[in-house]
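From first to last, the protein sequence lines stand for chains A and B.
Heads up: the first sequence begins at 1 in the numbering used here, then just goes up one per residue.
Heads up: the second sequence begins at 1001 in the numbering used here, then just goes up one per residue.
We treat Cβ as the ideally placed atom computed from N, Cα and C, and that holds for glycine.
Just so we're clear, the structure is a prediction, and the values are computed from it rather than from any experiment.
There are 2 protein chains.
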Amino acid sequence: MRLDDAAARLEALGNPTRLRIYRTLIRAGAAGLAVGRLQDKLKIAPSTLSHHIKSLVTVGLVSQVREATTLTCHANYETMQGLVDFLVAECCADSRESSDKKTAA
Amino acid sequence: MRLDDAAARLEALGNPTRLRIYRTLIRAGAAGLAVGRLQDKLKIAPSTLSHHIKSLVTVGLVSQVREATTLTCHANYETMQGLVDFLVAECCADSRESSDKKTAA
DNA sequence: ATTATATTTCCATGGTTCTCGAAATATAGT
DNA sequence: ACTATATTTCGAGAACCATGGAAATATAAT
C-alpha cells in the first residue's frame, strides 16, 4: 500500500462521525447495512451521511451494492487489514534491538 | 479505547506528512530519533515538523525525552496496537456468519 | 403519469488545518 | 555575558472539511 493511500484511509477513519459509520458497518459484517438503516441507527442528516459514506467509498474502505431503491454498504475488511499491516509492518526496521521496549497491552 | 480517542489518533496518522514522521519513528524502534534527525531525513520546515510532532504527542502516539538540547521522539507502539485492536475488535459483532467473506491479504 | 421511498447533489456557512518565515525560548559551552 | 545549537511559538494566508437544508435524481409500485 502506498503511503498516500494509507494516509487517505486513516484520514477517512479519523473523523468521529465516519468512524462511527465504519464501525457500524464492520459490526454488520458480510450482510452489510443500507444507508437508510445507518441513518436510523446513527441519526445523521441524510446529506451529511451520504457525504461521509462517499468519502469511505472513495478511499476503498467501503463498497456499495444497489438493491432496488436501497443501497447496501459493506465494510471492506481486507482493505482495513491491509492498512493495519501497513502500520505494523516496518516496526523497528532501522534498529532490531529488544532492549527495554515493552510489548504488553 | 474511546471512539473519540481512536478517531483523534487516526486523524493524526491520516496526514501524509505526519504518517511519514510516525513511520520513521516506528522504524527507529526503541532508540527513537531526535527532532533534528527527523528534519534531516524528511526535509520538513522546523516549524511544520514541530507542529506535526506536537499533534502526534497530543494524541499519545509519540512521546519525547529531552537529552540536553535535543529532544528524542519515540513512537508509542502499544498505543498503536491498541488502536489496531479497536479497529479489528468489533468485526461482525452484529452478524457472525462467514458466508463468502474473504480473509486473504 | 403520479406517488412514494431512498439516496445524492448543490450550495452556503463556519470552522479547522497546513504550511512556513520570523521571532522566541531552552540548554550548554567558552 | 556571549555564542551556538536545538526546538518551539506566533502569526498569517490559503486551502480544506463538516454540517445540513433544499432541490434533484433513481427506482419502483399503482
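Cβ shell of residue i (< 6 Å), same chain only, five flanking positions each side left out
{"i": "T1069/B", "result": "none"}
{"i": "L19/A", "result": "L13"}
{"i": "T1079/B", "result": "G1060 and L1061"}
Coarse secondary structure for residue i, derived from DSSP in three states
{"i": "V1062/B", "result": "strand"}
{"i": "T48/A", "result": "helix"}
{"i": "E1090/B", "result": "coil"}
{"i": "T72/A", "result": "strand"}
Own chain partners of residue i with C-beta closer than 8 Å, once the 5 adjacent residues on each side are dropped
{"i": "T48/A", "result": "T17"}
{"i": "S1050/B", "result": "V1035"}
Proximity winner among the options, relative to residue i (alpha-carbon distances)
{"i": "S55/A", "options": "L71/A, N15/A and M1/A", "result": "N15/A"}
{"i": "E1067/B", "options": "V1035/B, D1004/B and P1046/B", "result": "V1035/B"}
{"i": "A75/A", "options": "A7/A, Y22/A, E90/A and V59/A", "result": "Y22/A"}
{"i": "Y77/A", "options": "R1009/B, E1090/B and E1078/B", "result": "E1090/B"}
Cut-off 7 Å between Cβ atoms - residues of its own chain near residue i, not counting five sequence neighbours on either side
{"i": "P1046/B", "result": "Q1039"}
{"i": "G1082/B", "result": "M1001"}
{"i": "L1042/B", "result": "R1020, I1021 and T1024"}
{"i": "A8/A", "result": "V59"}
Residue j beta carbon less than 8 Å from that of residue i
{"i": "G32/A", "j": "T58/A", "result": "no"}
{"i": "V1065/B", "j": "I1053/B", "result": "no"}
{"i": "L87/A", "j": "V1084/B", "result": "yes"}
{"i": "L3/A", "j": "L1010/B", "result": "no"}
Measuring CB atoms only, is the stretch 1036–1044 of chain B touching the stretch 17–32 of chain A, in the sense that at least three cross pairs come out at less than 8 Å? Segments in contact, no.
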